[in-house]
Amino acid sequence: MQHISIIDGSGYIFRAFHALPALTRQDGTHINAVLGFANMLLKIIEENHNNMMLIAFDSARLNFRHEIYPEYKAHRPPVPPELSVQFPLIKQLVKSLNIPSIEMVGFEADDLIATYTHHAKALGWNVTILSSDKDLMQLIDDSVVMMDPIKNRRIDAASVLEKFGVGPEQIIDLQALAGDTSDNVPGVPGIGLKTAAELLKNYRTLEGILTSAHEIKQAKRRQLLIDYAEQAKLSQNLVRLKHDVPLEKSLEDLKNYQITWPSFLDFLKENQFRSILSRLERNHIIPSISTSIEISESEVLPKTSQPVYELVQTIDQLKGWIEKIINKGVVAFDTETTSLEPVRAELVGFSLSVDHGQACYVPVAHKNIHDVKDFFTQSSAPHHHQDFKQIPLAEAIACLKPILESSSILKIGHNIKYDIIVMAKYDIKIAPIDDSMMISYVLAAGQHGHGMDELSKLHLGHETITYDSVTGSGKNRIRFDEVDLNKAKDYAAEDADVTLQLYHYLKPQLQQNKLSTIYETIERPLIPVVARMEQTGIKIDKHVLQDLSGHFSNRLDSLAQKIYQLCGEEFNIGSPKQLGEILFDKLGLPGGKKSKLGAYAT
2 MQHISIIDGS GYIFRAFHAL PALTRQDGTH INAVLGFANM LLKIIEENHN
52 NMMLIAFDSA RLNFRHEIYP EYKAHRPPVP PELSVQFPLI KQLVKSLNIP
102 SIEMVGFEAD DLIATYTHHA KALGWNVTIL SSDKDLMQLI DDSVVMMDPI
152 KNRRIDAASV LEKFGVGPEQ IIDLQALAGD TSDNVPGVPG IGLKTAAELL
202 KNYRTLEGIL TSAHEIKQAK RRQLLIDYAE QAKLSQNLVR LKHDVPLEKS
252 LEDLKNYQIT WPSFLDFLKE NQFRSILSRL ERNHIIPSIS TSIEISESEV
302 LPKTSQPVYE LVQTIDQLKG WIEKIINKGV VAFDTETTSL EPVRAELVGF
352 SLSVDHGQAC YVPVAHKNIH DVKDFFTQSS APHHHQDFKQ IPLAEAIACL
402 KPILESSSIL KIGHNIKYDI IVMAKYDIKI APIDDSMMIS YVLAAGQHGH
452 GMDELSKLHL GHETITYDSV TGSGKNRIRF DEVDLNKAKD YAAEDADVTL
502 QLYHYLKPQL QQNKLSTIYE TIERPLIPVV ARMEQTGIKI DKHVLQDLSG
552 HFSNRLDSLA QKIYQLCGEE FNIGSPKQLG EILFDKLGLP GGKKSKLGAY
602 AT
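The sequence shown runs 2 to 603 under our numbering.
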């Protein structure tokens, strides 16, 4: 049976814009909504590759609802200019993929979706509407469902009933009674969703409610329905979607199309979406970027504007960066030290980033190797020159402390627990914090590594400067405080820059994947707790542990007895072989699979 997926394009444009931080191309063009929309569209293509697809957009002009009710959506603020400039790019994105799209003057995207849904049902097709907009839930029936790809949530008739207390066929009347503040639909004052659902349960329809309004026992409710009957009918006309829009293209006209990857890749390159290019090839959505379109490796991963990394060697320079941080309210922070073990590490320098491609490195304890003689050869080491200069450690710490401890400035790190422990030695308590490494763990714990180098290549398509390339390896390795200042700057500033970019890329995905609660209530609060544990150690109460051990042992014994009663015999629960025989042979539970050795896999 033919299946069509219809996408609420306008709805997802706004969701993408508000979900992602401000991002710009090299030429300054805002692209955060374009990037979010592209990621959403690829997810839909991956999950609906056998379905016909259609994208509906709102027209920028007024529609027939404004003629019925001039105040319709009148309270909405104008579209931000940072978003409006992205509309043409999003249309260009859709065109590059060759996915059919439609918008018509005088009608909203919802009306186009309703009309195409009506036509598809007449042809016997199944329909999936990609949206979470409750206005579209009136279209749901046995052959029509909704899907929110961002939350990966399927919405059917049962979902509507569970959420609103009415079925899809009553959604129009529910909204007519309760109104809709987001669209400035008035409804009946004093009637909310819960009361509206209760009324519809008793009287089935808006007409039934208004006809029987005089029978309603609650005096205030009765009078409201009588006084605002015409307003309820007006609201009903506003929320009812049109099924008869005079379409310019039929489903038959639209169904014969193919995704055009080469033009889409050109679009991605032009807009510097390196992470999507890497994802396409990594997930084999396209055979290979190199075979799909003839471009060099450097073109596949186009660079954004050349990063600007500053070596901060004076207190005035550092104060300039402090001012930038205060204005931004957020900073990516990273330390360079003498050891990988934070409790033993001494601070050598630190890096800061406030915008993508803008970062600095502040050396505070590098050695001027130029003046140091080798003990055996008495020859000068060639690393630094006479222009060697850095801010004294105490002055840098005094300047940095208010920023790192300010409650109004978010500090972002990659494994920021390390930096918390290091800076605690200098009487600095870093807070509030966020951690791009921990976010990555929450999103994809066992799928790949979570080091900065790997994540940068995976998500940003960028090869970072490695630690070994700066310090050497093996017998030739030097400590970081011996690294040339300019080399140290490029390495350390890039760390802060990449940390900020990873944070902006990964953080929105927590909400999209319903993992924000895990991160915000469990993982993030534990970072400073674990840091303090590593700093001070853990005091063990032997007696409490013994009590817990006894409690757990008794509990396990109790559970074992219940298991034996259920199974009708005693056996070694810890034995996979015996457990498999009980579950699958004796109890006959389904799903038993044996290994090559003949034992059940449990």
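C-beta atoms are modelled at their ideal positions from N, C-alpha and C, and glycine is treated no differently.
Per-residue burial, residue i [other beta carbons within 10 Å of its own, 16 or more giving buried]
i: F553; result: exposed
i: K430; result: exposed
i: G475; result: exposed
i: K412; result: buried
i: E116; result: At residue 116 the sequence reads Thr, which differs from the Glu that was named. That one is buried.
i: H385; result: Caution is warranted here: a pLDDT of 48 is assigned to H385, below 50, making its placement in the model unreliable, and the coordinate value is therefore given only provisionally. Buried is the call here.
i: N203; result: exposed
i: A61; result: exposed
i: N99; result: exposed
i: S441; result: buried
i: E337; result: buried
i: R66; result: buried
i: S559; result: exposed
i: N40; result: buried
i: D112; result: buried
i: H215; result: exposed
i: S135; result: It should be noted that the sequence gives Lys, not Ser, for residue 135. The residue is buried, with at least 16 neighbouring Cβ atoms inside 10 Å.
Proximal residues to residue i (C-beta, below 8 Å), its chain only, five neighbours per side dropped
i: V95; result: G10, L42, I56 and S102
i: Y601; result: P577, K578, L580, G581, E582, L584, F585, G593, K594 and K595
i: L590; result: L584
i: E535; result: P343, V344, K418 and I422
i: S133; result: G12, M147, D149, I151, K152, R154 and I156
i: M2; result: G125, W126 and N127
Other residues of its chain near residue i: CB distance less than 7 Å, five sequence neighbours each side excluded
i: E300; result: Bear in mind that the predicted position of E300 carries a pLDDT of just 30, short of 50, making it too unreliable to give a figure here.
i: I564; result: I574
i: I14; result: A34, F38 and I91
i: H319; result: In the sequence as displayed, the identity of residue 319 is Leu instead of His. Correct list, in chain order: V313, V363, I392, A397 and C400.
i: Y70; result: L235 and L239
Cβ-Cβ separation, residue j to residue i (assumed contact under 8 Å), whole Å
i: F612; j: N416; result: No answer is possible for residue 612: the residues shown for the chain start at 2 and end at 603.
i: C361; j: A494; result: 6 Å
i: I130; j: V161; result: With a Cβ gap of about 13 Å, I130 and V161 do not count as contacting.
i: L84; j: F165; result: Not really, about 30 Å apart at Cβ, beyond 8 Å.
i: A121; j: I5; result: 5 Å
i: I404; j: I316; result: Going by Cβ atoms, the distance from I404 to I316 rounds to 14 Å, so no, they are not a contact pair.
DSSP-derived helix/strand/coil call for residue i
i: A230; result: helix
i: S144; result: coil
i: I434; result: strand
i: S293; result: With a pLDDT of 38 at S293, under the threshold of 50, the predicted position of this residue should be treated as unreliable, and no value is reported.
i: L131; result: strand
i: E535; result: helix
i: V106; result: coil
i: I564; result: helix
i: Y70; result: coil
i: S156; result: Sequence inspection shows Ile at residue 156; the Ser mentioned does not correspond to that position. Strand, per DSSP.
i: P169; result: helix
i: T467; result: coil
i: V313; result: coil
i: H4; result: strand
i: T522; result: helix
i: T336; result: strand
i: L549; result: helix
i: I404; result: helix
i: V344; result: coil
Cβ neighbours of residue i in the same chain (closer than 6 Å, five flanking residues each side left out)
i: Y419; result: P343
i: M439; result: E524
i: D372; result: In this prediction, D372 has a pLDDT of 44, which is less than 50 and means its spatial position is unreliable; nothing more can be read from the coordinates.
i: A333; result: S354, I413, A497, T500 and L501
i: D454; result: T465
i: V8; result: Before going on, a small fix: residue 8 reads as Ile here, not Val. Cβ within range, chain order: I56 and L131.
i: I210; result: L200 and Y204
i: G330; result: I410
Write down every uninterrupted run of the alpha helix (DSSP H) in the region 571–598 whose length is 4 residues or greater and which is fully enclosed by it, in chain order. 577–581
List, from N- to C-terminal side, the alpha helix (DSSP H) runs of 4 residues or more that fit wholly inside the region 181–268. Fully enclosed alpha helix (DSSP H) runs of 4 or longer: 194–204, 207–212, 220–228, 230–240 and 252–255.
Quick check for students: name the residue ranges of the beta strand (DSSP E) that lie wholly in the region 346–371, counting only runs of 3 or more. 348–356 and 359–364
Can you list, in chain order, the stretches of the beta strand (DSSP E) that have 3 or more residues and sit fully within the region 23–80? Segments of the beta strand (DSSP E) lying fully in the region 23–80: 53–57.
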